[in-house]
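Asker: Protein sequences appear in the order of chains A and B. No gaps in the numbering here: position 56 of the first sequence is 56 in this note's numbering, and each next residue is one more. If you want this note's numbering, it's the position in the second sequence, counting the first as 1, plus 1000. Ideal Cβ positions, reconstructed from N, Cα and C, are used throughout, including at glycine. Here the structure is a predicted model, which is why all the values come from computation and not from measurement. My questions all concern the structure below.
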Amino acid sequence: GENVEQHPSTLSVQEGDSAVIKCTYSDSASNYFPWYKQELGKRPQLIIDIRSNVGEKKDQRIAVTLNKTAKHFSLHITETQPEDSAVYFCAASISLGTASKLTFGTGTRLQVTL
Amino acid sequence: EPEVTQTPSHQVTQMGQEVILRCVPISNHLYFYWYRQILGQKVEFLVSFYNNEISEKSEIFDDQFSVERPDGSNFTLKIRSTKLEDSAMYFCASSETPNYGYTFGSGTRLTVV
């Protein structure tokens, strides 16, 4: 089955700096790659996603890039703010008709310091 | 913004007892899921459900687990005989299409003692 690896496990940046989180996946059939932000004790919230027919997507300070050949995708957060502090999870998904499941990475704890 | 609603938010149960976790997916969504997250770990897929049938399940989803859509709005996860290792946060999710736009509920924290 699909395996998603995520690095780094923790990341500390100063406010205003950029943060980059990287994920690799194993199954070349995966075609959907969402990123979730999870604050302590709360639900994962979708912050951005990308489909396999697109190489890059941007939404204000957040961008995701996908390299299908290398089977990796990355989350970029620019001009980080203290409220960006959270755990970020990447995920990969294959849709097979009516079945789909998200395989999550192990998470990155992002700490934005003042 | 539409939400996926889960009840209860926290459930404590004794080992060996049955528990039912409840979810109300977003009304126009057709695909439903359960995931779990053991404290401090990643989110893990349990089961997906469409058209009143399980469409995929993980190795975690053994015979102790079952899902049901008892009426037009609820989606439930039953654990027949809970074990200590079932202690986790259980998230329900729903989506309009099978591979896009999941919305997660706020979770049920299950503690087995």
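(1) Rounded to whole angstroms, what is the Cα-Cα separation between I48 (chain A) and F104 (chain A)?
(2) Can you check the stretch 1055-1083 of chain B for any beta strand (DSSP E) of at least 3 residues that lies completely inside it and give the ranges in chain order?
(3) Could you name the residues of the same chain whose beta carbon sits closer than 6 Å to that of C90 (chain A), not counting the 5 residues immediately before and after it, in chain order?
(4) Just confirm the distance between the C-beta atoms of S12 (chain A) and Q111 (chain A), as a whole number of angstroms; I'd bet it's less than 8 Å.
(5) Excluding the five sequence neighbours on either side, which residues of its own chain have a C-beta within less than 6 Å of the C-beta of S1073 (chain B), listed in chain order?
(6) Using 8 Å as the threshold, is the C-beta distance between A86 (chain A) and V4 (chain A) below it?
(7) Do the stretch 1086-1102 of chain B and the stretch 1027-1046 of chain B touch if we need at least three Cβ pairs shorter than 8 Å?
(8) Taking C-beta to C-beta, are V1019 (chain B) and T1111 (chain B) nearer than 8 Å?
(9) Mind checking whether T65 (chain A) and S74 (chain A) have CB atoms under 8 Å apart?
Answerer: Well, looking at it:
(1) 14 Å
(2) 1065-1068, 1075-1079
(3) Q6, C23, W35, G105
(4) 5 Å
(5) V1024
(6) no
(7) yes
(8) Inclusion of V1019 (chain B) and T1111 (chain B) in the CB contact set at 8 Å is not warranted, their separation being larger than that value.
(9) yes
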